[in-house]
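Undergrad: Our numbering numbers the first residue of the sequence shown as 1 and each following residue consecutively. Don't be surprised by glycine CBs; every beta carbon is placed ideally from N, CA and C. Keep in mind it's a predicted model, so treat the numbers as computed, not measured. My questions all concern the structure below.
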Amino acid sequence: MSVVDEIKGRLDIAAYIQQYAQLKKAGRYYKACCPFHSEKTPSFTVNPDSQTWRCFGACAEGGDIFSFAMKMHSWSFAETVQELGRLAGVETRQQTPEQRQQSDALDHLRGLLKVAAEFYQQQFSESPEGAAALRYAREKRGFTDDTIAKFQIGYAPAGWQNLLNELKTLGYTEDQALDAGVVTRNDKGSVYDRFRNRLMIPIRDERGRVIGFGARALDPNDTPKYLNSPQSVMFDKSKTLFGLDTGKKAIRDIETAVIVEGYMDAIQAQQAGFTNVVAQMGTALTETQLQLLAPRYAKRIILALDSDAAGQNATMRSLEVARQALQADYAGRLAVDMRVLRIPGAKDPDDLIRENPERWQEFVDQAVPVADYVIELETADLNPSSTVQEREAVARQVLPMLIASESDLYRKDNLQKLAMRLRIAERDLLVWAQEQQIQEQRKPRPVQPPAPEPDTPYMPPINYDTMLPPSDEDGEERVSDRLVILPARVATIQREYALEFYCLRILLLQPDLLYTVNRKFRELAKENQALIRGVLGDLSVDDFQHGDYRGFIHMLKLATRQDDLDVLAFVRTQLNPALLPEFERLFTDEADAVRERLRRRFDGDAIVSWKQHERHKVGMIDPVIELLDKALRLRLLRLQRETQEMQFLQMEADTAGSEHYIQP
């Protein structure tokens with residue numbers, strides 16, 4: 001039994017979902033209003049027999065306990081396995097001694113940072129200075145007590161070793177405190193608190209764990225005004241968005257994230273009810289921060305940085321990062337609607353929201369597309385006497401921002417607007433844009449780093465080429481030179497999952513075919529949006545029933561949204577170690593049996609053995625056509641399951657005499 005199956009066997013889906021939705025008994029099923037969207041008529045059902053859930057309303061989704069937990073908490077598949085495994089009492093982290101030691105060290109540092117945050121919180125009531133800091137948070141910053149508690153805001157006292165002494169009392173060492181970034185060491189070797197007489201803002205990761213601190217000076221003479229934790233194994237500001245742990249649900253619900261410059265801006269916004277606001281931890285947005293939001297949570301990202309000159313520069317740097325990310329996204333996986341929010345009067349979001357929160361929503365609604373913002377900003381300094389060379393320079397500066405999204409470039413209004421502002425013919429702008437696109441396409445794609453060695457003893461072959469004896473037909477083209485060899489037979493797989501096994505294996509070996517499958521579904525839909533959003537939507541987790549395969553297809557889709565690693569390498573690095581044996585089994589069956597037979601024979605016998613195998617091997621066919629056929633069959637089976645489930649629900653509704661809540 002796999003780890004996923006063991007977890008599912010120990011946890012009851014109805015009992016788990018009952019924590020988030022008020023389930024009522026309806027025959028063999030349970031019903032509730034969907035926890036993922038607002039509704040008055042229950043459309044959410046739980047089937048305790050199959051241990052599945054489904055929303056027949058706005059979500060139009062369903063799955064098992066894993067898919068529910070992932071959707072409810074915005075966890076990755078690996079996080080879900082870990083969290084549900086902990087709840088079920090199943091060991092999910094099969095680690096080497098070195099990995100276990102490293103993991104324990106990180107957990108120890110997380111514990112230290114949690115203690116530090118609690119220590120700072122307690123200081124509000126420990127001294128007159130702490131009470132003054134609390135008044136500052138309430139009166140000067142405008143934070144309510146609920147906000148102070150929600151964000152764990154605290155106070156670092158003015159002494160040199162207050163926190164350090166507290167940590168030592170609890171058994172932490174100076175080296176651990178240094179690794180966590182809460183103390184520092186001077187040239188003489190003395191260790192002392194990094195943060196002193198400051199308002200403390202814990203910085204938390206996406207899961208709400210403290211990874212660092214932001215500190216605001218309370219003495220006007222102290223510099224710098226804002227001091228963050230240093231770069232460490234726990235904290236990397238380029239990979240962190242402040243407030244994402246408290247804002248991700250709102251971002252997912254409305255599919256829009258607003259990015260502000262500082263954590264004070266984000267706290268003020270979330271306090272005012274704008275919970276989809278997060279803060280970048282630096283002077284400009286990074287590609288990693290962009291990928292934290294899109295496409296996992298948001299389809300639209302609004303930059304709301306300060307409107308002064310520094311803020312405008314930061315906005316342009318952030319847009320350039322987004323442009324490069326979109327430009328490098330060769331498969332179009334990072335599609336996102338980028339917009340810019342402009343606040344008049346050089347105010348920052350913190351000031352505006354405190355003074356007039358209603359205006360903030362107006363400005364968010366009026367956020368302009370990137371093309372409009374860039375055209376207006378870059379042409380602002382031009383005047384009627386600007387030379388042709390100056391206007392052409394501006395055009396070449398603006399065009400890269402437009403061609404990052406091809407639809408923006410060829411929208412006639414954008415092109416006309418730029419042409420009118422610069423007094424340059426549209427055809428010239430198009431020529432320059434095409435030149436820049438060609439230059440971008442000629443740039444070499446980033447070299448993929450070598451895939452890490454898997455935890456299994458050997459890497460299985462993708463095809464049989466390495467085992468083939470010399471060809472008897474020198475110079476003659478073979479079918480296998482033109483077509484990919486089909487995966488090995490799946491006789492060892494349970495028949496009910498053989499179709500899933502086939503599709504998953506092909507897609508993992510050739511990830512680009514995922515887009516081919518989705519494109520075929522869209523072609524069949526013939527631009528019918530209802531079909532595209534429903535029965536002919538993209539291949540998804542819901543098309544698979546096997547617990548492990550559902551996780552693998554989810555990881556595959558995540559892998560296709562990044563370019564740092566080869567797809568298989570990415571999945572192997574992200575997958576829970578306990579699932580790796582089942583994952584590797586996708587690539588190890590008949591091929592290994594044949595290889596083992598060949599290894600045990602002399603060369604002459606090896607050729608005979610291979611020819612015996614060839615007589616029984618599946619014939620060569622076009623793998624794309626075969627995959628499309630099987631993917632369509634997968635979708636048909638899913639639709640049949642859902643139709644049958646709806647029929648059962650209707651029958652239950654017709655015959656049910658009463659409804660009862662689940663007893664706690």
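Can you name the start and end residues of the beta strand (DSSP E) that residue 199 belongs to?
TA: The residue you call residue 199 lines up with position 199 of the sequence shown. Residues 198–204.
Undergrad: For the pair the region 156–166 and the region 181–199, tell me if three or more CB-CB distances fall below 8 angstroms.
TA: yes
Undergrad: Quick check on residue 52: buried or exposed, where buried means 16 or more other Cβ atoms within 10 Å of its Cβ?
TA: Your numbering for residue 52 matches position 52 in the sequence shown. Buried.
Undergrad: So what does DSSP say about residue 172, is it helix, strand or coil?
TA: Here residue 172 refers to the residue found at position 172 when the sequence shown is read from its first residue. Coil.
Undergrad: Given this structure, state the Cα-to-Cα distance separating residue 512 from residue 565, to the nearest angstrom.
TA: Your numbering for residue 512 matches position 512 in the sequence shown. Your numbering for residue 565 matches position 565 in the sequence shown. The straight-line gap from Cα to Cα measures roughly 14 angstroms.
Undergrad: Only counting the same chain, and skipping five residues up and downstream in sequence, which positions put a Cβ closer than 7 angstroms to that of residue 242?
TA: As a position in the sequence shown, residue 242 is number 242, starting the count at 1. The residues are 203, 263, 266, 278, 279 and 281.
Undergrad: Using a Cβ-Cβ cut-off of 7 angstroms (strictly less than) and excluding sequence neighbours within five positions of residue 499, which residues of its own chain qualify?
TA: In the sequence shown, residue 499 corresponds to position 499, counting from 1. Closer than 7 angstroms at the Cβ level, and outside the excluded window around residue 499, lie 630, 633 and 634.
Undergrad: So, are the CB atoms of residue 507 and residue 552 less than 7 angstroms apart?
TA: The residue labelled residue 507 in the question sits at position 507 within the sequence shown. The residue labelled residue 552 in the question sits at position 552 within the sequence shown. No; because the gap between Cβ atoms is not below 7 angstroms, this pair is not in contact.
Undergrad: Return the first residue and the last residue of the alpha helix (DSSP H) that residue 247 is part of.
TA: Here residue 247 corresponds to residue number 247 of the sequence shown, with the count starting at 1. Per DSSP, residue 247 belongs to the alpha helix (DSSP H) from 244–254.
Undergrad: Apart from the five residues just before and just after residue 271, which ones in its own chain have a Cβ nearer than 6 angstroms to its Cβ?
TA: Within the sequence shown, the letter at position 271 stands for residue 271. Here the set comprises 147.
Undergrad: Touching or not, the region 166–181 and the region 132–145, by the rule of three or more beta carbon pairs under 8 angstroms?
TA: Flag = no, the region 166–181 and the region 132–145 do not touch.
Undergrad: On the three-state DSSP scale, how would you describe residue 375?
TA: As a position in the sequence shown, residue 375 is number 375, starting the count at 1. Helix.
Undergrad: Cα-Cα, which of 515, 253 and 152 is closest to residue 538?
TA: Stepping through the sequence shown from its first residue, residue 538 is reached at position 538. Per the Cα distances, 515.
Undergrad: With distance defined between alpha-carbon atoms, name the residue in 422, 312 and 571 nearest to residue 370.
TA: Numbered from 1 along the sequence shown, position 370 holds the residue referred to as residue 370. Looking at the Cα atoms, 312 is the closest of the given residues.
Undergrad: What are the start and end residues of each continuous alpha helix (DSSP H) run of 4 or more residues lying completely inside the region 13–55, in chain order?
TA: 13–17
Undergrad: Given this structure, state the Cα-to-Cα distance separating residue 342 from residue 220, to the nearest angstrom.
TA: Here the question's residue 342 lines up with position 342 in the sequence shown. Here the question's residue 220 lines up with position 220 in the sequence shown. About 30 angstroms.
Undergrad: Give the range of the alpha helix (DSSP H) segment to which residue 288 is assigned.
TA: Locating residue 288 in the sequence shown gives position 288, counting from the first residue. That run of the alpha helix (DSSP H) goes 287–293.
Undergrad: Could you pull the DSSP bridge partners for residue 193 from this structure?
TA: Indexing the sequence shown from 1 puts residue 193 at position 193. In DSSP, residue 193 forms a bridge with 183.
Undergrad: Give me the Cα-Cα distance between residue 258 and residue 517, rounded to the nearest whole angstrom.
TA: Reading the sequence shown from its first residue, position 258 is the one you call residue 258. Reading the sequence shown from its first residue, position 517 is the one you call residue 517. Straight-line Cα distance between these residues: approximately 33 angstroms.
Undergrad: Under 6 angstroms Cβ to Cβ from residue 521, same chain only, skipping five residues before and after it: list those, please.
TA: Here residue 521 refers to the residue found at position 521 of the sequence shown. Result list for residue 521: 536, in chain order.
Undergrad: Check the DSSP bridge columns for residue 427 and list the partner residues they point to.
TA: Along the sequence shown, read from residue 1 onward, the residue named residue 427 stands at position 427. Residue 427 pairs with nothing; no bridge assigned.
Undergrad: Specify the secondary structure class of residue 276 as computed by DSSP and reduced to three states.
TA: The count along the sequence shown starts at 1 and reaches residue 276 at position 276. The answer is coil: DSSP assigns residue 276 none of H, G, I, E or B.
Undergrad: Is residue 365 helix, strand or coil by DSSP?
TA: For this step, residue 365 is matched to residue 365 along the sequence shown. It is helical.
Undergrad: Tell me the DSSP secondary structure of residue 228 in three-state form.
TA: Position 228 of the sequence shown, counted from the first residue, corresponds to residue 228. Looking at residue 228 - three-state DSSP - the assignment turns out to be strand.
Undergrad: Among 396, 217 and 20, which residue has its Cα nearest to the Cα of residue 439?
TA: Looking up residue 439 in the sequence shown gives position 439. Selected option, being the one with the closest Cα: 396.
Undergrad: Look at residue 244 and residue 206 and say whether their C-beta atoms are less than 7 angstroms apart.
TA: Numbered from 1 along the sequence shown, position 244 holds the residue referred to as residue 244. Numbered from 1 along the sequence shown, position 206 holds the residue referred to as residue 206. Yes; because the gap between Cβ atoms is below 7 angstroms, this pair is in contact.
Undergrad: From 339, 581 and 348, pick the residue whose C-alpha is nearest to that of residue 310; which is it?
TA: By 1-based counting over the sequence shown, the position of residue 310 is 310. When each option's Cα is compared against that of residue 310, the closest is 348.
Undergrad: Nearest to residue 208 by CA position, among 233, 152, 166 and 261, is which residue?
TA: In the sequence shown, the residue the question calls residue 208 occupies position 208. Cα-wise, what sits closest to residue 208 is 152.
Undergrad: For residue 233, does the three-state DSSP call read helix, strand or coil?
TA: Position 233 of the sequence shown, counting from 1, holds the residue named residue 233. It is coil, neither helix nor strand.
Undergrad: Nearest by alpha-carbon distance to residue 338: which of 318, 354, 61 and 356 is it?
TA: Working through the sequence shown from its first residue, we reach residue 338 at position 338. If we check each option's Cα against that of residue 338, 318 comes out closest.
Undergrad: Could you check how far apart the C-beta atoms of residue 753 and residue 323 are, in whole angstroms? I think they sit under 8 angstroms.
TA: The structure shown does not extend to residue 753, since the chain is modelled only from 1 to 664, so the question has no answer here.
Undergrad: Where residue 247 and residue 274 are concerned, what is the direct C-alpha to C-alpha distance, given to the nearest angstrom?
TA: Along the sequence shown, one-based indexing puts residue 247 at 247. Along the sequence shown, one-based indexing puts residue 274 at 274. Each residue's Cα considered, the two are about 9 angstroms apart.
Undergrad: So is residue 54 buried or exposed if we call it buried at 16+ other beta carbons inside 10 Å?
TA: Residue numbering aside, residue 54 sits at position 54 when the sequence shown is read from its first letter. Label assigned to residue 54: buried.
Undergrad: Among 59, 542 and 501, which residue has its Cα nearest to the Cα of residue 584?
TA: Here residue 584 corresponds to residue number 584 of the sequence shown, with the count starting at 1. Here the closest residue by C-alpha is 501.
Undergrad: Mark residue 23 as exposed unless 16 or more other C-beta atoms lie within 10 angstroms of its C-beta, in which case mark it buried.
TA: Looking up residue 23 in the sequence shown gives position 23. Its Cβ being crowded by 16 or more others within 10 Å, residue 23 is buried.
Undergrad: Looking only at DSSP bridge pairs, what is residue 338 linked to?
TA: Here the question's residue 338 lines up with position 338 in the sequence shown. Answer is 301, bridged to residue 338.
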